[in-house]
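28 is the number that full-length UniProt numbering gives to position 28 of the sequence shown; each next residue is one higher, with no gaps.
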Amino acid sequence: MSQTNILLESGTNEFEIIEFYIDEQAQGDEKPYRAYFGVNVAKVLEIIRLPTVTEMPHMPHPSVIGTFNLRSRVIPLIDLSLWLGKPMARNDTTKVIVAEFNKVVNAFMVSGVTRIHRKSWNDVEPPTGYTAQFAARNFTGVVKFEDRIVLLLDMEQIIWDLNPALAIRMDRTGRQDGVVDRTHYKTLVVDDSNSIRRLIVSYLEKDGFSVEQDINGQNAWNRLSEWKRLAAERGVPLSEYVDLVVTDLEMPAMDGHNLCKRIKDDPVLKSLPVILFSSLINHQLYHKGISVGADDQVTKPEIATLADRAKKLIEGDLEGIPKRILTD
């Protein structure tokens, strides 16, 4: 897929997924069972044929089947079927999805790729019931089509589980231990991942923030609208309820870009600082964030800077916000 780069209008709550499938190995003459999955186009660098793979010793999990060379870059290859515990039926359509998030490149072997879909986040349902229990650490949402269900795969979580050293940690670099500003700024944190949301909340609370939480942009927008109504009713500033919003990008119902655009288009809420916090902030998405009025954009590996950048925004110290250097 060497860069389709289909640009979506900023803040429309739309996104694109690459749909792929895994054919599960069948017994006897049975037809292989085909399961459908999806991943956000923004995470995918390219899709290639299965390359020559070099086996490596001491792999963290049997699903890491080796590495391969892609334009002088050595990339680990993960067999998604083995990770999901469903041995893959081999065929001539095998593809490899090369993806990047948190500045780390990995590749995932799948049975085949179907197409790219443009969808609204309103079409994405969070896993519920039994699906939620089974998919808690593997999938972030469900997209229903007429003849099939597509599970949105959390490739980032898979990489963290395979290599915990790559996971976001409570890195206190840049802060003196024991020196905490106890100014209780009120922050709304929006993220559909329980683990990421808990991490952000824990991090901000240790830096003196008072935090409310929501699991998607629609819930957050409803909460902000209610706070706006209450502030007007009581004749108090909005800061009585909230000083800052920190939001993920990819979420069911309403994504972070659309939430940010709604905030910045609202005559009352527009002064509320918004930080986009995600692994997805590449060159293209950074400029998309600017177009919807984001006050700052922080990648997950930069979590150590989140509290300081949030305080600078609230206090109006825009000169203190780091300038991002991006490359295509």
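By construction, the Cβ of each residue, glycine as well, lies at the ideal position given by its N, Cα and C atoms.
In this structure, residue 80 sits near residue 108, with a CB-CB distance shorter than 7 Å. Residue environment for residue 230: exposed (fewer than 16 other C-beta atoms within 10 angstroms of its C-beta). By a beta-carbon distance limit of 8 Å, residue 40 contacts residue 15. Their separation comes to about 6 Å. Bounds of any beta strand (DSSP E) do not take in residue 53, whose DSSP letter is neither H nor E.
From the listed residues 52, 43, 211 and 54, the smallest Cα separation to residue 190 is found for 211. Check the Cα spacing between residue 254 and each of 266, 92, 214 and 283: the tightest is with 214.
When only Cα atoms are considered, residue 147 and residue 290 end up about 38 Å apart.
For residue 73 and residue 238, the gap between their C-alpha atoms comes out near 50 Å.
With fewer than 16 neighbouring CB atoms inside 10 Å of its own CB, residue 33 falls in the exposed class. Sorting 157, 223 and 273 by C-alpha distance to the C-alpha of residue 300 places 157 at the top. Counting other Cβ atoms within 10 Å of its Cβ, residue 236 stays below 16 and is therefore classed as exposed.
Counting other Cβ atoms within 10 Å of its Cβ, residue 139 reaches 16 or more and is therefore classed as buried.
The residues 20, 151 and 153, in chain order, have a CB closer than 6 Å to that of residue 37 in the same chain once the five nearest residues on each side in sequence are set aside. Distances from the CA of residue 307 to each of 282, 288 and 208 were compared; the closest alpha carbon is that of 208. Spatial neighbours of residue 49 in its own chain (CB-CB distance under 6 Å, excluding positions within 5 residues in sequence) are not present.
Using a C-beta cut-off of 8 Å, the region 117-126 makes contact with the region 241-253, since at least three inter-stretch Cβ pairs fall below that distance. In chain order, 186, 227, 230 and 231 place their CB closer than 8 Å to the CB of residue 241, counting only its own chain and leaving out the 5 sequence neighbours on each side. Ranked by how close their Cα comes to the Cα of residue 143, the residues 160, 119, 261 and 159 have 119 in first place. The Cβ atoms of residue 67 and residue 60 lie no closer than 7 Å to each other. Per DSSP, reduced to three states, the secondary structure at residue 299 is strand. Residue pairing by DSSP puts residue 34 in a beta bridge opposite 23. Residue 69 sits in a strand when the DSSP states are folded into three classes. In the DSSP annotation of this structure, the continuous segment of the alpha helix (DSSP H) that includes residue 159 starts and ends at 155-162. Shown here, residue 114 sits in a strand according to DSSP, grouped into three states.
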